[in-house]
Ligand code: BMA
């Protein structure tokens, strides 16, 4: 009997490996065959990383950050039967505006993919006179309709909740600068129609713990549970040799997600393996999606590794919630409603 409940559609074929014996104290463990996506995965693309996947039909579908061989990132569609071996389209995703006219962003990176009711939304970072959030929808993964840019620049790391809360769509984002951003807290905004965004709230600030002391950003779409919204996010620390990106975990109030109920003071995963420590940008674990199954409590976390690869890690609902609760430290700025 599981202790906690996950509220999500069943995914019996969630990719999975049991926790290795002897891995004490760590609630998240890596897939032994990582990285699941290596370099030069498709013609014209040097690296795929920071990408989002989800169940679709009998298999899985995903939106992938592909670094083209000209150095410009774009989003590519990929499909898989097992969520581990992926086939990618050679052509980047083709966007149209709401009148059907081609509407391609100059560049597009770090996509997230979230299903709300019958529609799939892609959220990514793009140029809108500076780094900001792009938003598009599809129902068939053939036509991708770009919606209005939700926010003015500069902003990154937007993630939608998988259902409306109190009648509104809810999006997390991380206001930033136009460069590598030496600061950053997670905020949320609401919208009745995916066009007008407001009721902005502060969710959580960069942490007092060293591993997340420079900035944080939303990662995978929050998972609805009996304890609140389970959020995997990234936390960044600064070293004399650059930023280090680790994966953190928090649980947000179910009806008022700007309130942080629990926040894990330790990272859940930090760069340790060669594919996380060595690559185009060393020392990056950057979560963008989970595939999760309410019946078994299995959660597979997809993360970009060293801006070069895609890694896969696992945890279980009861274990991760207990771990976050047992190691939780929340500050006033976490637990307040987040309006001043
Ligand atoms: C951030 C984003 C991510 C990237 C990370 C580390 O600012 O650009 O795409 O993974 O830096 O380079």
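Residue numbers (this note's numbering): 44 to 383. Cβ atoms here follow ideal geometry from the backbone N, Cα and C, with glycine treated the same way. If you're wondering where the values come from, they're calculated on a predicted model, not measured in any experiment.
Is residue i helix, strand or coil when you go by DSSP?
i	result
residue 376	helix
residue 180	strand
residue 144	coil
residue 368	helix
residue 239	coil
residue 294	strand
residue 74	coil
residue 130	strand
residue 153	strand
residue 191	coil
residue 274	strand
residue 233	strand
residue 360	helix
residue 338	coil
residue 61	coil
residue 267	strand
Write down the C-beta distance between residue i and residue j rounded to the nearest angstrom, noting that I regard them as a contact closer than 8 angstroms.
i	j	result
residue 92	residue 350	5 angstroms
residue 293	residue 367	7 angstroms
residue 343	residue 126	7 angstroms
residue 235	residue 214	In fact, because the Cβ distance is near 13 angstroms, the residues do not count as touching under 8 angstroms.
residue 228	residue 259	7 angstroms
Assuming residue i is part of the beta strand (DSSP E), what are its boundary residues?
i	result
residue 110	102–111
residue 170	162–170
residue 47	Here residue 47 belongs to no beta strand (DSSP E), and DSSP marks it neither H nor E.
residue 121	116–123
residue 66	From DSSP, residue 66 is part of no beta strand (DSSP E); its letter is neither H nor E.
residue 260	258–261
residue 200	198–203
Mind checking which residues open and close the alpha helix (DSSP H) that includes residue i?
i	result
residue 317	317–320
Give a single yes or no on whether residue i has its beta carbon closer than 6 angstroms to a heavy atom of the ligand MN.
i	result
residue 327	Among the ligands modelled here, namely the ligand BMA, the ligand MN does not occur.
Check your understanding: How do the stretch 206–224 and the stretch 164–178 stand: do at least 3 beta-carbon pairs fall below 8 angstroms, yes or no?
Key -> yes
Check your understanding: Is there contact between the stretch 246–256 and the stretch 182–190, where contact requires at least three CB pairs shorter than 8 angstroms?
Key -> no
Review point. Does the stretch 303–323 come close enough to the stretch 77–97 that 3 or more CB-CB pairs lie under 8 angstroms?
Key: yes
Review point. Between the stretch 45–53 and the stretch 267–286, are three or more C-beta pairs nearer than 8 angstroms?
Key: yes
Check your understanding: Does the count of Cβ pairs from the stretch 302–313 and the stretch 190–204 closer than 8 angstroms reach three?
Key -> no
**Study point:** Inter-stretch contact (C-beta, 8 angstroms, three-pair minimum) for the stretch 113–123 and the stretch 85–105
**Key:** yes
**Study point:** the stretch 276–288 contacting the stretch 334–341, beta-carbon criterion three pairs below 8 angstroms
**Key:** no
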